[in-house]
Each structure stands twice: as structure tokens, then as C-alpha cells.
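Chemist: Each residue of the sequence shown is one higher than the one before, starting from 282 at the first, in my numbering. Glycine included, C-beta positions come from ideal geometry on N, C-alpha and C.
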Amino acid sequence: MQSPNQEFFTFSLIRLVGYGLLGLTFIDFISIILPLQLMNSVWELQTMGAFIERIPVPLLGIAFIYYGERNYRAPIENLLLRWLSYFSLILAIFFLLMVPLGINNTVRIELTNNAVINRELVAKVEQIDKFRNKMTAANSSAEIQAILQKQSYQGKLPDKINAQEIKEQIILELNNTEKDLRKEIEAVRSKKRWDLLKKSIKWNLGALVASCLFFVIWKDTLWARLERREDD
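#1: Once you ignore the five residues that flank I390 on each side, which residues in its own chain have a CB closer than 7 Å to its CB?
#2: For I346, which of helix, strand or coil comes out of DSSP?
#3: Between which two residues does the alpha helix (DSSP H) containing Q426 stretch?
#4: For L413, which residues in the same chain have their Cβ closer than 7 Å to its Cβ, ignoring the five residues on either side in sequence?
#5: Among M416, K472, L360, whose alpha-carbon lies nearest the alpha-carbon of S394?
#6: Which class does T291 belong to by DSSP, given the choice of helix, strand or coil?
#7: Would you be able to state if there are at least three C-beta pairs under 8 Å between the stretch 328-346 and the stretch 481-488?
#8: Leaving out five residues before and five after R470 in sequence, what residues of the same chain have Cβ atoms less than 6 Å from its Cβ?
#9: Taking a contact to mean a Cβ-Cβ separation below 9 Å, would you say G299 touches I346 in this structure?
#10: Measuring CB to CB, does Y348 end up less than 9 Å from R506?
#11: Whose CA, out of S312, I371, R363, S422, lies closest to the CA of Q450?
#12: Would L256 and I343 qualify as a contact pair, given that the criterion is a beta-carbon distance under 9 Å?
#13: For M379, does the three-state DSSP call read helix, strand or coil?
#14: In angstroms, rounded to a whole number, what distance separates the CA positions of L317 and L462?
#15: Classify I374: buried if its beta carbon has 16 or more other beta carbons within 10 angstroms, exposed otherwise.
#16: For S492, which residues in the same chain have their Cβ closer than 7 Å to its Cβ, ignoring the five residues on either side in sequence?
#17: Relative to the alpha-carbon of N457, which residue among R400, A488, V406, T306 has its alpha-carbon at the smallest distance?
#18: Which first and last residues belong to the alpha helix (DSSP H) in which Q327 is found?
#19: Roughly how far, in whole angstroms, is the beta-carbon of W504 from the beta-carbon of S369, given that I think they are within contact range, below 8 Å?
#20: Hey, out of G301, E465, K411, whose CA is closest to E401's CA?
#21: Considering only C-alpha positions, which residue in the set L362, L360, T328, L365 is nearest to L382?
#22: Check this for me: beta carbons of T291 and V338, under 9 Å apart or not?
Have a look at this one:
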């Protein structure tokens, strides 16, 4: 069994670590949100994720601070515990409100990603279409050679090859290129969507769990919000 002095030292050390963890969390969170980029869906979601990834630290800090309840507390510390209890409720509401914000930002990012990918696909398909249309309109090996040179084609077509055969071969290659391009673009789209979805689910569930934990802390620290009786 610990002596009063040993017990006091243990309580003080654990609580000191708790205050230190909260202080480090505050500094870390300030560095995360600066500079502010409100209305930027990517920044908002990444900031939310950064908060969630670090949430175990303040949770441990608060748990350490409340360790031992009112034992070996200075009067000023009792006042601090009361405000920390209310602050836990504020954090519970804050992280709960993060969930709809995170879902909204996920949808916005998905729409933006799709728009960027679609623009890239349209631009590349238009280039292929222009090349294909020129090849379709060409009627001789000389015309085909001129078109290929404009497309940075370094080879030289023999004059004896039938122009129609050359044209059909190149058009077939262009069709295959377009198919491969569409497959690659869709693969990129699927990967981005899946990566975004994984992060969103992880961070939104994390925000929900964090909200519940802070609410439980607020609920279980009712004693800290009550006025201490003089005979306690």
C-alpha cells in the first residue's frame, strides 16, 4: 500500500503528463489548421483526418487529468476540472458535426475528381478523333505519310503498300488506343474513388467514436461540475 506522499507523487505525475498531452495537442491542432482554407473541400477533409488521427492523445490527456477525481487537488484545479468537463461536451458536439461535413466534402471531392478525369479523357479522345478523321479522309500513301509526320511519326511508309490497307491498319490501332485509354482512365477513376471512400469511412467513423467518447467523459465527470461541499 502506498504512503500518502507516494500517492500524491503518483497522482501529480499522471496529471502532469495529462496536462502535457493536452498542451501538445493544442499546439499540434493549431499547426494543422493554419493557414485556414475554408470552403476548400480537400483541405477540410484532410484537416478532419489529421484531427481524427491524433484524437487518442487528448483522450489520454483528459483521462490522466481526471485520474483520482478530487484527491490532492488545489482549489484552482477544481475550477479547471469543471471547465474541462464542459469543454469535453463542446468537443463531443464538434466531432459529431464533423460527420455530415466529412460526408459533404467527400461528395464534393468525388465530383471534382470526376470532372477532372472527364476533361482529361475528352481532351485525349478528341486528339484521337482528329487523327482518325484525317486518316479516314486520306486517299494516298503520300497524304498518309504527311499526316503521320505531323503526328511525330518517324517511320516512312513504302510507296507500294496499298493506301487503303495502311489506313485501315492505322485506324484499327487508333480504335484500340482509344479503348485502352478509356480502360486506363476508368481504372484511375476507380482507384481514386476507392481511396477517397476508405479515408472518408475511416475518418467519419473516427469522428463518431470520438464524439461518443467525449460525451461519456462529460457525462462521467458530473462530480467535477458540481460545487464541492466544504466538508468534503
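Modeler: To lay it out plainly:
#1: S322, V323, L326, L477
#2: helix
#3: 422-431
#4: Contrary to the premise, residue 413 reads as Arg rather than Leu in this sequence. These residues qualify, in order along the chain: I452, L455.
#5: Reading off the sequence shown, one finds Asn at residue 394, where the question assumed Ser. Measuring from the Cα of N394, the nearest candidate turns out to be K472.
#6: helix
#7: yes
#8: I398
#9: yes
#10: no
#11: S422
#12: Since the first and last residues shown for the chain are 282 and 513, residue 256 lies out of range.
#13: helix
#14: 38 Å
#15: exposed
#16: A373, F376, L377
#17: V406
#18: 322-335
#19: Rounded, the Cβ-Cβ distance is 13 Å, inconsistent with contact.
#20: E465
#21: T328
#22: no
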